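Protein chains: 2
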Amino acid sequence: MTTASQLQTAAQIAAAPVCCSTVGSAAFDDGDAVELARGFAALSDPVRLHLLSLIAACGPDGACVCDLVGPVGRSQPTVSHHLKVLREAGLVSADKRGTWAWYRIERSTLERLQRSLG
Amino acid sequence: MTTASQLQTAAQIAAAPVCCSTVGSAAFDDGDAVELARGFAALSDPVRLHLLSLIAACGPDGACVCDLVGPVGRSQPTVSHHLKVLREAGLVSADKRGTWAWYRIERSTLERLQRSLG
DNA sequence: GCGATAGATTGATGTTTGTCGATGCGGCAG
DNA sequence: CTGCCGCATCGACAAACATCAATCTATCGC
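Chains as they are written, first to last, in the numbering used here: chain A, 686 to 803; chain B, 686 to 803.
Have a look at this one:
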């Protein structure tokens, strides 16, 4: 392939820079990109954002699943599925207390994604 | 549906809080959730993160498409498609100078997404 | 043990998404 | 005008995804 960088002459560089010549210097490697993309994919659904918001609104103690199904307006299996996605992305963590499952925000993962947008 | 909140007694509340009773108070409404989800969806692909990183690395002048196709290792139509997704999400903006198309980061959109993760 | 309940898993289905080859369009050089 | 080059669009296809009904597992109260 022929890049515009290779075509530019010294005169063109002086007059008007044609193309960025320092290509290929990404801020992170491919593995990091895949990892970050996985995190953002978990945030790419309105239902999951709603769930995160509800869980976060319940403070550090977290929220019980039975109180999440109603507000998001989806079936219980669908909510369970979305919570699993959030769990596997490391955005929330769950523990069972007796019959109920409690979810709470995993702050560090959220902050890592936040930092990557700088 | 019966929520655990409705089942808890005063004694249970005192001993161990069972469920978060303040349900339904999300930090943003459904419309915002859809909008944010759209933004994160644009960030949910490694190729697009790579493109953003490359464009950002070229400074405020932005990057020429011909210098992006090589580094990301995808066909030109595929890169064009991803750039369109980023454009429609407001994460980048494009302008054509002669034969070439130049893309640059749209900082404000990125910052809005960043703030929403707080 | 038994029935009821909370939540996860499975299976099926319609939709969305990533990818590429082929094609279209506009600008530049000769 | 003509041919080439950079980029966008189109058409097709496979993979991934969101959703729900049905089912399964584990826990609680009786």
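All residues carry an ideal CB built from backbone N, CA and C; glycine is no exception.
These numbers were taken from a predicted model, which means no experiment stands behind them.
The DSSP assignment places 715-727, 731-742 as complete runs of the alpha helix (DSSP H) inside the segment 702-747 of chain B, in order along the chain (cut-off: 4 residues). Taking 8 Å as the CB threshold, H766/A stays off the interface with chain B. Nearest to G775/B by C-alpha distance, out of W785/B, R782/B, E791/B, G716/B, is E791/B. Residue pairing by DSSP places R782/B opposite W785/B in a beta bridge.
Contact of A786/A with chain B is not assigned, every C-beta pair being separated by 8 Å or more. Residue environment: S738/A is assigned as buried (16 or more neighbouring CB atoms within 10 Å of its CB, all protein chains considered). Residue environment analysis places D780/B among the exposed positions, since fewer than 16 neighbouring C-beta atoms fall within 10 angstroms of its C-beta. Within the segment 719-734 of chain A, those residues whose Cβ lies closer than 7 Å to any Cβ of chain B are, in chain order, V719, L721, A722, F725, A726, L728, S729, D730, P731, L734.
Contact of D715/B with chain A is assigned, a C-beta pair being separated by under 8 Å. Close CB contacts of G724/B within its chain, under the 6 Å cut and outside five residues either way in sequence, are with A774, L798 (chain order).
Setting aside the 5 residues that flank it on each side, P756/B is surrounded in the same chain by H735, L739, each with a C-beta closer than 8 Å to its C-beta; the list follows chain order.
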